[in-house]
């Protein structure tokens, strides 16, 4: 049986998360205590036991000059003993129906690993989003930060998300988040040790969501800056997270030190309720998912 979750199920949902993602229970509890809403969660019940779960987080997709309603499939999981019985396929079909009924025109998902793209293709998702990956040595980072000033800078989530919307304006097919979703994503990142590095250059500002991957390496999961602000931001990244190598996950149209990123798939999209991917593909300039809760 497929149904909406309820508030009393949070303990069981946390256990599914920890079991399926091989994580401590803290990230699950943070999500369930701060961003979970039963109307955004579908579960597959086997008798009294919850076998599978999927969350439909509200989002928007740029479609021309305006953005349309959508959702992002998050933390989709099936307990090991129930896999192979079609639970997730049934949940994704139900999620599409629920989404369409509430006005969502698209469903986006970022498979946790490349091997899962095929699973989602069977549920009518199509590879759609991409990112470019650029790797810089510390020497190259210092060159990027040339004349940049490192200074502690605090920005509100609204300021950062507003900058994100501004940078993605006109990039048809790209995903936009509410300020609430942006704040939650940043908070969830802190659970995993991520840091938000910000900078201000005159009246302009920039940000980078960074993750220490080992003692000598740092990955920048999302960066929003321009030619006027990148030097100060790079200086702040070096100061805040010193490393020998920095890897940047960027929109495919962005470059660093003239380097074009190595392009890879980074998410899928499914039209709902009579919507089509064709208008997005025809007008798209490399749609960007970004800031996913991956």
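In this note's numbering, the protein residues as written are 4 to 297.
Ideal placement from N, C-alpha and C gives every residue a C-beta, glycine not left out.
Taken in chain order, the whole beta strand (DSSP E) runs of length 3 or more contained in the region 156 to 237 are 198 to 204, 207 to 217, 220 to 227.
Setting aside the 5 residues that flank it on each side, residue 106 is surrounded in the same chain by 72, each with a C-beta closer than 6 Å to its C-beta; the list follows chain order. Only residues of its own chain outside the window of five on either side were considered, and among them 204, 207 have a CB closer than 7 Å to the CB of residue 231, listed in chain order. Residue burial annotation: residue 263 is exposed, with fewer than 16 other C-beta atoms found within 10 angstroms of its C-beta. Non-local beta-carbon contacts of residue 134 in its own chain, meaning distances under 6 Å to residues more than five positions away in sequence, involve 252, 269 in chain order. DSSP places residue 30 in the uninterrupted alpha helix (DSSP H) bounded by 29 to 37. Assigned with DSSP and collapsed to three states, residue 153 falls in coil, not helix or strand.
For secondary structure counted as the beta strand (DSSP E) over 3 or more consecutive residues, the region 17 to 90 holds these complete runs in sequence order: 44 to 49, 52 to 66, 69 to 81. Within a 10 Å sphere around the beta-carbon of residue 267 sit fewer than 16 other beta-carbons, which makes this residue exposed. Residue nearest to residue 294 within the set 81, 145, 199, 25 is 199 (criterion: CA-CA distance). The Cβ neighbour count for residue 54, taken over all protein chains shown within 10 Å, is at least 16; the residue is labelled buried.
Contact between the region 155 to 162 and the region 275 to 289 is not established, with fewer than three Cβ pairs separated by less than 8 Å. Secondary structure remark: continuous beta strand (DSSP E) runs of at least 3 residues inside the region 242 to 283, in chain order: 248 to 253, 265 to 268, 271 to 274. The C-beta of residue 258 has fewer than 16 other C-beta atoms within 10 Å across all chains shown, which makes the residue exposed. Residue 101 is not bridged by DSSP to any residue. Taking a cut-off of 8 Å for Cβ pairs, the region 221 to 230 and the region 156 to 175 touch, as three or more such pairs fall below it. Under the DSSP definition of a beta bridge, residue 139 partners with 249. Sixteen is the threshold: since fewer than 16 other Cβ atoms of the shown chains lie within 10 Å of the Cβ of residue 10, the residue is exposed. Residue burial annotation: residue 125 is exposed, with fewer than 16 other C-beta atoms found within 10 angstroms of its C-beta.
Separation of residue 166 and residue 21 (C-alpha to C-alpha, rounded to the nearest whole angstrom) is 34 Å. The C-beta separation of residue 223 from residue 195 comes to about 14 Å, leaving the pair out of contact by the 8 Å criterion.
Residue range 109 to 112 is occupied by the beta strand (DSSP E) that includes residue 109. Of all alpha-carbon atoms in 34, 93, 116, 219, the one lying nearest the alpha-carbon of residue 60 is that of 34. Inclusion of residue 94 and residue 47 in the CB contact set at 8 Å is warranted, their separation being smaller than that value. For residue 124, the enclosing alpha helix (DSSP H) stretches over residues 120 to 124.
Per DSSP, the unbroken beta strand (DSSP E) holding residue 7 starts and ends at 5 to 7.
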